[in-house]
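Protein chains in written order, with the working numbering: chain A, 13 to 248; chain B, 13 to 248.
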């Protein structure tokens with residue numbers, strides 16, 4: 013653990029609350045456009061539900077590398093039909109697609125990251141593309157030292173290249189990196205690449221009564237309640 | 013010019029003063045190790061002199077992608093012989109090689125970048141590798157939103173892929189990016205890719221009486237005395 017020099021972060025769900033943010037963005041659009049028949053929370057869940065299948069077509073090699081903004085847009089175009097949302101201009105659809113650039117951080121994220129940054133290099137290791145992560149960070153005040161991950165590696169997590177390329181770009185061996193995530197599968201994949209792991213549960217990710225990614229007792233190097241607790245446990 | 017959303021920066025010479033920093037690092041090593049026969053300024057110039065030839069072997073395809081830390085190390089190993097420097101441990105040689113991670117910014121760099129960041133995305137577009145840029149930024153307080161450039165593109169400037177990949181990763185068209193550099197050839201290459209250009213001369217880069225990269229009147233969109241002046245000219 014003393015070798016750890018960088019913390020690499022999952023972002024959607026771990027750093028930011030995608031569900032309430034996408035719902036908020038949808039509701040704002042609905043109000044502006046007089047769209048009254050849509051349950052925007054269901055819309056957010058449906059959009060997120062298309063995330064893994066869309067990445068799977070890239071992971072499998074069925075299609076060439078495609079960044080997440082473009083996958084989100086393809087899913088969105090389908091969803092607009094399913095939810096019978098019409099009358100949006102191209103600019104409005106693009107703005108809605110970029111709602112993923114405007115996700116709000118969990119309340120502990122910025123204070124926790126700010127403390128953690130005193131002692132560690134902080135990098136994103138997300139499936140979100142660089143522009144998405146940069147725009148999100150500027151809006152939310154997330155103090156990343158580097159925005160890395162899937163787009164830079166041209167591989168989506170949990171493929172090992174995503175983790176290994178990120179460590180290599182940081183000039184570190186995998187065991188000098190600690191993956192921080194609210195999702196066990198992400199941490200297990202990082203661990204198989206040699207990363208240290210920190211599990212930070214986010215029980216509200218899927219909303220009240222939503223599924224909770226749990227049952228990971230003893231599997232990870234650190235378990236923290238939130239990012240401030242993680243900073244304390246890592247001596248910052 | 014109103015379309016510009018990101019400023020992309022050359023770093024060595026433009027943001028940081030590599031020559032006096034490498035000299036300082038060499039002198040510190042010399043004192044610690046009792047090496048008295050070396051002119052460390054000449055050493056710094058010789059090391060930097062091996063920079064373009066080393067990258068040329070990658071640009072030409074003579075050798076596969078090799079990050080700058082590794083090119084620097086190969087040059088350093090040669091230089092230690094040429095300057096008859098012996099008795100260094102592997103750890104000391106590695107520490108000296110990473111002197112490039114510890115370069116000092118020009119005095120206007122941090123205040124200028126801090127102002128510029130209010131209005132623009134700031135990204136490195138350097139031939140330095142990501143780890144080098146991240147470590148430099150943490151030490152010097154350089155407020156980058158993203159560390160991009162040659163290593164991410166696997167092409168050294170002035171090859172067009174370095175510029176075009178950086179713009180693409182920022183989610184921007186080339187004309188939405190402005191390259192900032194003290195070197196005309198870098199700006200001309202960026203301009204050929206569609207970037208806007210800002211020339212910030214650094215007459216002290218090569219020391220007193222050293223060569224000055226000048227004669228660029230009228231070629232670039234902006235000419236600024238330093239980064240604070242650049243911020244003023246760009247309305248920040």
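We treat Cβ as the ideally placed atom computed from N, Cα and C, and that holds for glycine. Every value quoted in this text rests on a predicted model; they were computed, and no experiment measured them.
So what's residue i in DSSP terms, helix, strand or just coil?
i, result
"residue 34 of chain A", "helix"
"residue 138 of chain A", "strand"
"residue 168 of chain A", "coil"
"residue 75 of chain A", "coil"
"residue 20 of chain B", "strand"
"residue 116 of chain A", "strand"
"residue 29 of chain A", "strand"
"residue 234 of chain A", "strand"
List the endpoints of the continuous alpha helix (DSSP H) containing residue i.
i, result
"residue 53 of chain A", "52-61"
"residue 122 of chain B", "121-128"
"residue 240 of chain A", "239-245"
"residue 204 of chain B", "196-204"
"residue 208 of chain A", "Not the alpha helix (DSSP H): residue 208 of chain A falls in the beta strand (DSSP E), residues 208-211."
"residue 80 of chain A", "80-94"
"residue 107 of chain B", "102-109"
Whose C-alpha, out of the options, is nearest the C-alpha of residue i?
i, options, result
"residue 228 of chain A", "A/216, A/139, A/32, A/193", "A/193"
"residue 196 of chain B", "B/150, B/207, B/232", "B/232"
"residue 80 of chain B", "B/113, B/74, B/48", "B/113"
"residue 153 of chain B", "B/125, B/140, B/173", "B/125"
"residue 34 of chain B", "B/176, B/21, B/51", "B/51"
"residue 181 of chain A", "A/136, A/248, A/170", "A/136"
"residue 70 of chain B", "B/107, B/46, B/168", "B/168"
"residue 42 of chain A", "A/20, A/96, A/146, A/61", "A/96"
"residue 76 of chain B", "B/241, B/163, B/218", "B/163"
"residue 191 of chain B", "B/20, B/14, B/15", "B/20"
"residue 170 of chain B", "B/186, B/98, B/67, B/99", "B/67"
"residue 85 of chain B", "B/144, B/100, B/106, B/74", "B/106"
"residue 58 of chain A", "A/47, A/78, A/46, A/31", "A/31"
"residue 90 of chain A", "A/214, A/54, A/38, A/62", "A/62"
"residue 147 of chain A", "A/177, A/175, A/178, A/111", "A/111"
"residue 219 of chain B", "B/46, B/23, B/15, B/29", "B/29"
Just curious, the beta strand (DSSP E) that residue i is in, first and last residue?
i, result
"residue 159 of chain B", "158-161"
"residue 190 of chain A", "189-193"
Just to make sure I have the definition right: I need the residues of chain D whose C-beta is within less than 8 Å of the C-beta of residue i. Which are they?
i, result
"residue 92 of chain B", "The structure shown has no chain D; the protein chains it does contain are A and B."
The ligand NAP and residue i: does any heavy atom of the ligand fall closer than 8 Å to the residue's C-beta?
i, result
"residue 184 of chain B", "The ligand NAP is absent from the structure shown, which contains no ligands of any kind."
- Task: Check distances from the C-beta atoms of the stretch 144-174 of chain A to those of chain B and list, in chain order, the residues that come in under 9 Å.
- Result: 144, 145, 146, 147, 149, 150, 156, 157, 158, 159, 160, 163, 164
- Looking at chain B, which residues of the stretch 112-134 of chain A have a Cβ within less than 7 Å of any of its Cβ atoms? 133
- Task: Taking a Cβ distance cut-off of 9 Å, strictly less, list which residues of the stretch 66-90 of chain B are near chain A, in chain order.
- Result: 79, 81
- Query: Using a Cβ cut-off of 9 Å, which residues of the stretch 184-199 of chain A contact any Cβ in chain B, in chain order?
  - Reply: 184
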